[in-house]
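Under the numbering used here, think of the first position of the sequence shown as -8, with each following residue one higher. Idealized CB from N, CA, C, for every residue including glycine. Read through the structure below, which is laid out as structure tokens, and then see the notes.
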Amino acid sequence: MTWFKPSDLKELLKLKSEYPHAKIVVGSTELGVEMKFRNILYPIMIQASHLKEMNEILDCGNYISIGASCSLTDIVDFCTDSIKSLPEYKTRILKEMKDMLKWFAGQQVRNVACIGGNIITGSPISDLNPILMAAKAQLVIQSMNNKNGRTCEFNPSFYSGYRKTTLNPDEILLSVHLPWNLELNGYFYAYKQSKRKEDDITIVNAAFSFKTNPDHRSFESASMAFGGMGITTVLAPSTSKYLIGKKLSNDVLEEASKLLMKELPLPPDAPGGMIRYRHSLVVGFFVKAFAQLASEVSNELTNFLLTAFQSAPSNVTDMTTQASQYFQTSKSKGPIQKAIKHQSSDKQATGEAVYVDDMPHYDNELYVGWVLSSKPRAKIKKIDPSKALAIKNVLDFISFESIREKFDNTFQLVDRRDEIIFAEEDVYCIGQIIGIVLVEGTQEEARRAAALVEVDYIDISHEAIYTIEEAIAKNSYYSITPNGSDYSQMIRGSPFEVMQQSGINILEGTMRTGAQDHFYLETHSALVVPEDADEFNVYSSTQNPGLVQQTISEALGVPEHKIFCHNKRMGGGFGGKQRSMPYTLPLAIAAKIHGRPVRMMLDRDEDMLMTGQRHPFLAKYKIGYDNEGNVHSVILDLYNNAGWTIDLSAAVMSKAMYHCDNAYYFPNISITGRICKTNVASNTAFRGFGAPQGMSMVEAWMEHLAITMKMDPVILRTKNMVQNHHVTYYGQTVTNCTVQRCWEECLEKSQYYTRLTEVTEFNERNTWKKRGISIIPTKYGIAYGVLFLHQATAIVHIYKGDGSVLISHGGTEMGQGLYTKSIQVASQVLDIPIEKIHISKTSTDKVPNGSVTGASVGTDIYGQAVMNACVEINKRLEPYKRMDPQGGWASWISSAYLDRVQLTVSGFFSTPDIGTNPVTNTGNHFNYFTYGAACSLVEIDVLTGTHTVLETTIVMDLGQSLNPGIDIGQIEGAFIQGYGMFTMEEMLYSSKGSLINRGPGSYKIPGFGDIPKAFNVHLLKGASNPRAVYSSKAVGEPPLFLSSSIYFAIKNAVRGARNSEEDFDFFAPATAEKIRLGCQDIFIDNIVPKLPQRGTYVPWNINI
């Protein structure tokens, strides 16, 4: 690449004349993405961010001249100053531009992105282009051959196609002339809709420029521009022409909306999907602008409009976020039950924390580039790596053919050996690993080399199955029982017979939850370093170092005692890093073959494509109930989408089935679970591990039942709530049950019934804004799914010189505070300051056979193992404390050492009284339950589907919290992650099985602006738990499901917009699209075009 930085405009024009295909660079916010993710190379770059003529913003009387290189931040500053100093009417365009730029990416991007980049890039969803087109901005274009420049109006004809301009190759965009709004009767409005409020790309945006006649009774002119409705920003000239001379009336509003639909058609298979939603946004934005105009020119002609559309123009209620946390701390000596800071928090906040890919590079290190399947189902005909191997720094290409004689290509994650390292003769999903390229260089070089490997297939994708519904139709299930059955069943009582009894009413329905990406900040990464004596040091971002060690040992044929897996910390795990073996094993093989260190870190797009997500679930339910609301019988059929290997899908289904009562008691119940075999990446563990999906099904039919019976859902839930000494359908007696206390306290602290009255009154006053409220309980079982994992070992070393303590155990730290809590436990037992105690990392050569860190039990088992080790140390030190009670810790340690007392102790813990008898259906499947409740209040914009969470109140029973600061952080974090699952995080697959949204540009997790505006967390007081260390409780997963209170509140708000007491299908996630299309109104029912019949077209995306 050649990079030019011209000294002035003249030199820039000269360079563009000499290199007409060179790219002009200012912020590189678009080019950087193209180069990294689309493998586009630009050999010539010309920097233009510093040139005076292209960085000026000048008031030229009738217009503002904005240099093409002006940053968006500079434009915002100019808008702000102008709005303060000039008449309101004159800055109406600037006000809308400033408001729009508030939602444009993040501040860092706005600091470098420029207005010219928006125009030249030509994105059809540019945030600025509709404003500029509706305002009839002029573009000033220059070249070496035309130094005086030429001016053209900015409209769709500036583009010749998708992201292609009509500029000549030697021309540049010098500046933009934006008109001032010079007339009192000129009005301007702009809108944007995206998947989340902040830092998100547009789905549809619009800008409207209206001018009324002098008496404000009719339109004198109109200009409307829309993004997201074609391959470029588009205008609506026919509708604009129709409005001229028309009065501001309801009839004109409806007729213009119909014309917009005709003028802006979208085929049903248009890229981007969401066809009806995008049409509805065009109408919705027009209605907002029309109603806003009516409110500003209010007269007797617009009074009817103002009454009908009073709440249409405004956005959903926004306010400053406020949060409160209520908890008790211990007043006794020692660190237990105190809000002590996370041990790594300072380093993580400053960026000093070291993760795997931050480790120093070795001189002879190799980097891995991934060759992945581009087909969902195919036979591999030929692999040709010759183009990649021709590159100087490409050392090798490794695939199944390379290793079939020397290494084991299969491995086992749970109970069957169905995983393969490299594809053999077939591929079973897009993103399956075919091979790796080894490069003596960087990640970027490895990625480019891998892209050169050519794979020829015999395509049999017609055999591929992607969705749960397709799997059901084709009977494509995994066997999940020892006898080979393709379903598992849990049953108590006589659920089928009870359904036939007199006095029993029947309710039937379905519920669905979607996939969710883990989106940890640190993607999968690993470094494998071969040592002498055939040893290997493995540094892996994994929740399961022991299984990484074991699978590498099996693949290489090297004993486990020569494989040392290390993990200091992870940048998030959420269950997804239980499945780290497929991305570490290829490195180990490469390190073995070449005797050199091998490193990899997945790019975000690779991680999302390759690693699998939270399991989508489908439930079909049948409920038997009496006229009082007592539920007598439940029949549930559950299905999850496992992907191309079973991975942990059987265990996830089991966890879901064990939570299909949530916090209720049902005397008769049947639950059947089937695991769908499909051709997508293997879905895997995710925070909650199936429990949120199982509990979602219960609450879905609870809501359905309340609506059907016209019963207060609080009363219905309370009537069926589990009590102490109830026996679950899996035979466990419920003890120490506090769900009723959490429920009642949440009702009180949230002021539920006061808020419910306010919601009713608000909805009566507002047609185009609606509110909803919901309160949801949870009873989350704490345990691994298998008994043998309930064991933990910790080793505690005490150093004789200063008495400092080093702890090692098998648990991993992924931000949840396990190391911090372990240190607190040791500090409490040993009665020494936490500063004297350290945990360095988790290593299989220090503590072998560690159980995977998951299921929220890390502190329960590893904390107890640390406690047991420290208790033993105290026993050994007791004689020295008696002999010298004033001596102090260092003195006692020294005395013990001189007396030849061992100062290294191993502590072991296995969870007692856990396990079930499948024959008698008795015992304790779970160690205990964590209880809680949450109430959420939301507001939706009926015209756009936008929602805001106005308030959330959570009450959780965490026993005697070991560390309330960390635990409340876990509650808030789990709740927000669940909020993403239930509202905005949606995995989009093409109709050919390819994951569409592979990065933060198109996949959105909740942002700061999505946090509930009032977020209140209460830890239940006076609770205890004899089943865990220091009477604490597990916290990592239980709060996540409480975010379903937002989902059900949204559904209640949508129900308010439908003006119907009937239940309706409304599956999670409750995206803006589903919210808008779920609302029934004249625009959705009568104006927005319906889609053609299914089967007559191929949709852009499907729901797996």
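Using CA atoms only, rank isn't needed, just tell me which of Gly664, Asn1094, Leu22 and Cys105 is closest to Ser981. Asn1094
Along the chain, where does the beta strand (DSSP E) that runs through Arg746 open and close? Segment Tyr743 to Arg756 is the alpha helix (DSSP H) holding Arg746; no beta strand (DSSP E) there.
From Tyr612 to Val689, what does the alpha carbon distance come to, in whole angstroms? 9 Å
Out of Lys983, Thr1062 and Leu1010, point me to the one whose CA is closest to Met975's CA. Thr1062
Supposed close pair Tyr419, Trp635 - CB separation, criterion 8 Å: 4 Å
Tell me whether Arg762 is buried or exposed, calling it buried when 16 or more other Cβ atoms sit within 10 Å of its Cβ. buried
Throw me the rounded Cβ distance for the Pro121 and Thr224 pair, which I believe falls under 8 Å. 5 Å
For the alpha helix (DSSP H) holding Pro205, just list the boundary residues, first then last. Counting along the chain, Pro205 falls outside any alpha helix (DSSP H), and DSSP gives it neither H nor E.
Let me know if Val589 comes out buried or exposed under the rule of 16 or more other beta-carbons within 10 Å of its beta-carbon. buried
Can you tell which of Leu386, Val385 and Ala414 has its C-alpha closest to the C-alpha of Arg395? Ala414
Report yes or no: do three or more beta-carbon pairs, one from the segment 517 to 529 and one from the segment 814 to 823, lie closer than 8 Å? no
Restricting to runs no shorter than 4 residues, where is the alpha helix (DSSP H) found entirely within the segment 89 to 147? 98 to 103, 106 to 112 and 120 to 125
Which residues bound the beta strand (DSSP E) around Arg1098? Absent from the model: residue 1098. The displayed extent of the chain is -8 to 1095, so no value can be given.
Is the beta carbon of Tyr268 closer than 8 Å to that of Glu1064? yes
Can you give me the C-alpha to C-alpha distance between Asp525 and Cys556, rounded to a whole angstrom? 14 Å
Does DSSP classify Leu629 as helix, strand or coil? strand
Can you tell me the Cα-Cα spacing of Gly849 and Ser467, whole angstroms? 36 Å
Any idea what DSSP makes of Pro768, helix, strand or coil? strand
Measure the beta-carbon distance from Asp596 to Phe28 and round it to whole angstroms, keeping in mind my assumption that it falls under 8 Å. 6 Å
Unbroken stretches of the beta strand (DSSP E), 3 residues or longer, contained in the segment 439 to 475: 445 to 450
Any contact between the segment 909 to 929 and the segment 857 to 874? By contact I mean 3 or more CB pairs, one from each, below 8 Å. no
Below 8 Å, how does it come out for the segment 757 to 772 and the segment 912 to 927: are there three or more Cβ pairs, yes or no? yes
Starting from Val718, trace the beta strand (DSSP E) in both directions and tell me its first and last residue. Val718 -> no beta strand (DSSP E), and no H or E assigned at all.
From the DSSP output, in three-state form, read off Trp880 for me. helix
Determine the burial state of Gly1104: buried for a count of at least 16 other Cβ atoms within 10 Å of its Cβ, exposed for fewer. Past the boundaries of the shown model lies residue 1104; the chain is included only from -8 to 1095, so the question cannot be answered.
Are there 16 or more other CB atoms within 10 angstroms of the CB of Gln1096, so buried, or fewer, so exposed? Any answer about residue 1096 is impossible in this case: the structure gives the chain only from -8 up to 1095.
Among Arg873, Ala462, Val385 and Thr669, which has the Cα closest to the Cα of Val430? Val385
Give a yes or no on contact between the segment 988 to 995 and the segment 743 to 755, applying the rule of three or more CB pairs nearer than 8 Å. no
contact_flag[the segment 607 to 623, the segment 434 to 446] where n(CB pairs < 8 Å) is 3 or more: no
Distance, Ile66 Cα to Lys(-4) Cα: 24 Å
To the nearest angstrom, how far is it from the Cα of Pro768 to the Cα of Trp734? 6 Å
Are at least three pairs of beta-carbons, each pair with one atom in the segment 819 to 828 and one in the segment 933 to 950, less than 8 Å apart? no
Buried versus exposed call for Gln968 [16 or more other C-beta atoms within 10 Å across all chains shown]: buried
What are the start and end residues of each continuous alpha helix (DSSP H) run of 4 or more residues lying completely inside the segment 373 to 425, in chain order? 377 to 380 and 391 to 394
Please tell me whether Thr811 and Asn558 are closer than 8 Å, where the distance is taken between their beta carbons. no
Do you know offhand how far Thr669's Cα is from Asn715's? 42 Å
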